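Take 1 as the starting number for the sequence shown in full-length UniProt numbering and just add one per residue.
Ideal Cβ positions, reconstructed from N, Cα and C, are used throughout, including at glycine.
Keep in mind it's a predicted model, so treat the numbers as computed, not measured.
A short worksheet on the structure shown next.
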Amino acid sequence: MTCKIGILVSGRGTNMEAIVDHIAAEKADVQVLFVASDNASAAGLRLARQRGIPTAVLPYKDGRAAGEAAVEKLWQERGIDLLVLAGFMRLLTGEFVGRHEGRILNIHPALLPKFPGAHGIEDFWKSGEPVSGVTVHLVDDKMDHGPILAQREVARESEDTIETFEAKIHAVEHQLYWQALKDYIKRIS
Ligand code: GAR
């Protein structure tokens with residue numbers, strides 16, 4: 001059966017784009033019913049529109065309750081099975097997450113529980129640690145927290161700058177999110 005997903009983005013939307021491209025390349029039985037954002041000028045919304053995917057702007061400017069109510073409405077009206085957070089920089093409430101337990105995924109550019117938050121790559125870079133990576137996990141009500149579905153390491157090489165390291169992290173993200181999402185869909189269907 002077709003798995004229906006919604007994707008939330010706040011910015012560039014390259015993880016959303018990678019998922020959409022993997023679905024098309026593999027002719028996977030997964031349908032992206034909407035891409036929504038708390039940020040009306042998110043590049044990710046433009047990318048989604050170019051691909052003919054319905055988009056929505058979430059009214060987070062009127063507060064978290066209003067923004068989240070709009071996500072809930074989309075969820076119910078479009079009848080999605082999973083919500084995929086792809087660079088969505090808002091914390092969902094425990095109430096929302098509790099209603100959709102095991103149905104919300106997130107990606108983070110570090111090896112959680114290390115370096116959670118909005119600056120995972122920068123925080124790792126400044127730490128001097130040798131290895132970071134990417135995590136895909138189920139979402140609970142804490143930031144960048146919940147059962148881990150997949151992790152992949154990315155090592156800091158001596159010739160790396162933060163820019164080259166960041167590019168390596170994103171390249172891994174663009175493969176790992178789809179892999180983990182696909183595996184998870186298999187697990188729950
Ligand atoms: C990604 O690196 C994602 O892991 C990160 O935001 C970026 C979004 O990029 N998410 C977090 O830091 C969550 N705490 P994108 O808009 O190009 O997909």
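Worksheet item: Do you know whose CA, among Y184, V131, E95, lies nearest D160's CA?
Response: Here residue 160 corresponds to residue number 160 of the sequence shown, with the count starting at 1. Checking every option, the nearest Cα to that of D160 belongs to V131.
Worksheet entry | Segments assigned beta strand (DSSP E), at least 3 residues, entirely inside the segment 70–103 | Taking only runs of at least 3 residues, the beta strand (DSSP E) segments lying wholly in the segment 70–103 are 82–85.
Worksheet item: Taking 8 Å as the cut-off, does the CB of S127 come closer than this to any heavy atom belonging to the ligand GAR?
Response: Here residue 127 is taken as the residue at index 127 of the sequence shown, counted from 1. Residue side-chain check: S127 keeps its Cβ at 8 Å or more from all non-hydrogen atoms of the ligand GAR.
Discussion item. Between E17 and L47, how many whole angstroms is the CB-CB distance? I'm expecting something under 8 Å.
Written reply: Taking the sequence shown and counting its residues from 1, the one referred to as residue 17 is at position 17. Taking the sequence shown and counting its residues from 1, the one referred to as residue 47 is at position 47. Taking 8 Å as the upper bound for CB-CB distance, E17 and L47 are in contact here, some 5 Å apart.
Worksheet item: Hey, is T164 close to the ligand GAR, as in C-beta under 8 Å from one of its heavy atoms?
Response: To locate residue 164, count along the sequence shown from 1; it is residue 164. False, no ligand heavy atom lies under 8 Å from that Cβ.
Worksheet entry | Among A171, P116, R64, nearest to E95 - alpha-carbon criterion | As a first step, residue 95 must be located in the sequence shown, where it is residue number 95. The residue with the shortest Cα to Cα distance from E95 is R64.
Worksheet item: Out of curiosity, what's the CA-to-CA distance linking P116 and E122?
Response: For the purposes of this step, residue 116 is identified with residue 116 of the sequence shown, where counting begins at 1. For the purposes of this step, residue 122 is identified with residue 122 of the sequence shown, where counting begins at 1. Roughly 11 Å between the two C-alpha positions.
Fill in: Classification of I188 by the beta-carbon crowding that lies within 10 angstroms, buried from 16 upward
Translated into positions along the sequence shown, residue 188 becomes position 188. Exposed, since its Cβ has fewer than 16 Cβ neighbours within 10 Å.
Discussion item. Quick check: what's the CA-CA separation for G87 versus N15?
Written reply: Counted from its first residue, the sequence shown places residue 87 at position 87. Counted from its first residue, the sequence shown places residue 15 at position 15. Distance between the alpha carbons of G87 and N15 is about 8 Å.
Item to complete: Starting from the N-terminal side, write out each stretch of the beta strand (DSSP E) that is 3 residues or longer and does not extend beyond the segment 141–178.
Response: The segment 141–178 contains these whole beta strand (DSSP E) runs: 148–155.
Discussion item. Can you check which of these residues, R49, T93, I19, E26, is closest to V172 by C-alpha distance?
Written reply: Taking the sequence shown and counting its residues from 1, the one referred to as residue 172 is at position 172. Nearest of R49, T93, I19, E26 to V172, Cα basis: I19.
Discussion item. On a Cα-Cα basis, can you pick out the residue from D140, I162, G102, H145 that is closest to F124?
Written reply: As a working mapping, residue 124 is identified with position 124 in the sequence shown. For F124, the nearest C-alpha among the options comes from I162.
Worksheet entry | According to DSSP, residues forming a beta bridge with L8 | Taking the first residue of the sequence shown as 1, we reach residue 8 at position 8. BP columns for L8 point to A36, L85.
Worksheet entry | Cβ neighbours of D141 in the same chain (closer than 6 Å, five flanking residues each side left out) | For the purposes of this step, residue 141 is identified with residue 141 of the sequence shown, where counting begins at 1. The residues are G94, V97.
Practice prompt. Figure out for me which residue from H100, V136, H145 has the closest Cα to the Cα of P113.
Written response: Within the sequence shown, the letter at position 113 stands for residue 113. From the listed residues H100, V136, H145, the smallest Cα separation to P113 is found for H145.
Worksheet item: What three-state label does DSSP hand V131 in the structure shown?
Response: The count along the sequence shown starts at 1 and reaches residue 131 at position 131. DSSP places V131 within a strand segment (E or B) once states are collapsed to three.
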